[in-house]
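Undergrad: Can you read through this structure? Questions will come right after.
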Amino acid sequence: RKDFLGLYDASAEEIREILETAVAMKDILTRTVKKVPTLRGKTVINLFYEPSTRTKFSFNLAAKRLSADVMSISKSGSSIAKGESLLDTAKTMEVMGADVVVIRHSAPGAAQFLAENISASVLNAGDGAHAHPTQALLDIYSIKEKLGDIEGLNVLIVGDIAHSRVARSNIWGLNKLGAQVSVAGPQTLLPREIEKMGVKVYNDLDKALENVDVVNILRIQMERQESGLFPSIREYREIYGMNKERLQRIGKKAVIMHPGPMNRGIEIESSVADSSQSVITEQVKNGVAIRMALLYLLAGREVDNENLN
Ligand code: CP
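Residues 5 to 313 in UniProt numbering are what the sequence shown lists, from first letter to last.
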């Protein structure tokens with residue numbers, strides 16, 4: 005594969021390979037010297053048209069842990085602010101020697117467009133409401149680490165499914181690995197195509213929470229609500245907010261997840277986010293290992309082969 009754009013066209017075997025590679029990468033991160041020479045001489049560019057803390061910094065760190073040269077570009081402070089197109093920006097990076105371009109963009113399909121038009125590898129770090137494959141992979145990795153085999157697990161995704169690339173990518177990946185995925189949220193925040201996505205759909209969160217192994221709580225994406233949030237924030241918190249009472253009801257073995265950034269006190273109470281059942285901080289840690297795995301699989305194998313010859 006030249007590029008990694010989403011889990012929609014990844015096989016279960018490919019997903020398993022990435023997860024297994026991430027185990028080896030996580031082992032590197034536990035060492036005293038957390039750096040290997042695997043991508044020495046390679047250049048990774050982080051091209052972020054949307055804000056990011058976790059994804060951008062973990063791609064940065066992942067590339068550095070593998071000894072690649074890494075640079076980050078965002079809208080402000082670059083010629084993107086002067087109106088330079090996505091393609092011209094990426095081609096500029098490419099002629100300066102980029103081997104991998106990591107892109108986050110508000111337009112669905114932006115990563116695919118780049119992949120079709122530059123020869124460097126393209127890694128999708130989130131394109132509009134379409135896909136966020138590295139987030140889903142780190143979520144799946146975190147579930148596996150806590151509960152073992154994904155097959156047969158009941159995973160519930162709660163909240164703003166309509167605007168969520170995280171939800172779509174989790175659904176694609178988890179379905180391929182044999183989990184039973186459910187979604188819960190107000191009808192106004194469910195996408196029209198939800199019935200065709202291979203998930204159980206609930207409007208009643210309390211019903212959806214019966215027999216769950218994992219509850220993945222999504223951020224309400226205020227910036228993507230075209231005509232304001234309906235129901236209101238107060239109503240949403242009451243009807244769909246994950247609180248202490250709901251946590252007690254799902255049992256001690258169920259795992260709580262959130263991709264971040266969190267709206268504490270809206271979709272998730274602090275008592276839930278910081279509870280012993282929460283793996284939210286592990287998700288962030290695992291993000292570095294997953295991104296190291298993908299950078300290695302896209303750009304490191306070639307280095308291995310060169311070294312062998
Ligand atoms: N989960 C996630 O993508 O977070 P950032 O927007 O901070 O990268």
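Each residue gets a CB set at the ideal place from its N, CA and C atoms; glycine is no exception.
Taking residue 187 and residue 216 to be in contact with their CB atoms under 8 angstroms, please state how far apart those CB atoms are, rounded to whole angstroms.
TA: Taking the first residue of the sequence shown as 1, we reach residue 187 at position 183. Taking the first residue of the sequence shown as 1, we reach residue 216 at position 212. The Cβ separation is near 12 angstroms, so there is no contact.
Undergrad: Report yes or no: do the region 109-121 and the region 73-92 share at least 3 C-beta pairs separated by less than 8 angstroms?
TA: yes
Undergrad: Can you tell me whether residue 273 is buried or exposed, with buried defined as 16 or more other CB within 10 angstroms of its CB?
TA: Translated into positions along the sequence shown, residue 273 becomes position 269. Label assigned to residue 273: buried.
Undergrad: Please state whether DSSP places residue 304 in a helix, a strand or coil.
TA: Counting from 1 along the sequence shown, the entry for residue 304 is found at position 300. In the structure shown, residue 304 sits in a helix (DSSP, three-state: H, G or I).
Undergrad: Give me the Cβ distance between residue 5 and residue 296, rounded to the nearest whole Å; I'm assuming they're in contact under 8 angstroms.
TA: Working through the sequence shown from its first residue, we reach residue 5 at position 1. Working through the sequence shown from its first residue, we reach residue 296 at position 292. Incorrect: roughly 17 angstroms between the Cβ atoms, too far for contact.
Undergrad: Is the beta carbon of residue 285 within less than 7 angstroms of some heavy atom of the ligand CP?
TA: Sequence index remark: in the sequence shown, residue 285 carries index 281 (1-based). Outside the cutoff, so no.
Undergrad: At a threshold of 7 angstroms, does residue 263 count as lining the ligand CP (C-beta to nearest heavy atom)?
TA: The residue given as residue 263 occupies position 259 in the sequence shown. At least one heavy atom of the ligand CP is nearer than 7 angstroms to the Cβ of residue 263, so yes.
Undergrad: Nearest-angstrom Cα distance between residue 63 and residue 249?
TA: Locating residue 63 in the sequence shown gives position 59, counting from the first residue. Locating residue 249 in the sequence shown gives position 245, counting from the first residue. In this structure, the CA atom of residue 63 is about 37 angstroms from the CA atom of residue 249.
Undergrad: Check this for me: beta carbons of residue 219 and residue 166, under 8 angstroms apart or not?
TA: Against the sequence shown, residue 219 aligns to sequence position 215. Against the sequence shown, residue 166 aligns to sequence position 162. No.
Undergrad: Where does residue 211 fall in DSSP's three states?
TA: For the purposes of this step, residue 211 is taken as the residue at position 207 of the sequence shown. Residue 211 falls in the helix class under three-state DSSP.
Undergrad: Flag this pair as touching only if the region 42-52 and the region 97-109 have three or more C-beta atom pairs under 8 angstroms; answer yes or no.
TA: yes
Undergrad: Which residues in the same chain as residue 190 place their Cβ atom closer than 8 angstroms to its Cβ, once the five residues preceding and following it in sequence are excluded?
TA: Stepping through the sequence shown from its first residue, residue 190 is reached at position 186. If we look at residue 190 and ignore the five residues flanking it on each side, its Cβ neighbours are 207, 234, 235, 240, 243 and 244.
Undergrad: For the region 280-300 and the region 136-145, state whether three or more C-beta atom pairs, one from each stretch, are separated by less than 8 angstroms.
TA: yes
Undergrad: Would you give the residue range spanned by the beta strand (DSSP E) that residue 73 belongs to?
TA: Start at 1 with the first residue of the sequence shown, and residue 73 comes out as number 69. Segment 73-78, the beta strand (DSSP E) holding residue 73.
Undergrad: How would you call residue 313, buried or exposed, if buried means at least 16 neighbouring beta carbons within 10 angstroms?
TA: Here residue 313 refers to the residue found at position 309 when the sequence shown is read from its first residue. Annotation note: pLDDT 48 at residue 313 (below 50); position unreliable, no value reported.
Undergrad: Going by DSSP, what residue range makes up the alpha helix (DSSP H) through residue 217?
TA: For this step, residue 217 is matched to residue 213 along the sequence shown. Careful: residue 217 lies outside any alpha helix (DSSP H) and carries neither H nor E.
Undergrad: With a threshold of 7 angstroms (Cβ to nearest heavy atom), would residue 146 be considered close to the ligand CP?
TA: In the sequence shown, residue 146 corresponds to position 142, counting from 1. It does not: the Cβ of residue 146 is nowhere closer than 7 angstroms to a heavy atom of the ligand CP.
Undergrad: Helix or strand or just coil, what does DSSP make of residue 119?
TA: Within the sequence shown, the letter at position 115 stands for residue 119. Helix at residue 119.
Undergrad: Taking 8 angstroms as the limit between beta carbons, can you name the residues of its chain near residue 225, skipping five residues before and five after?
TA: Numbered from its first residue, the sequence shown carries residue 225 at position 221. Here the set comprises 164, 167 and 168.
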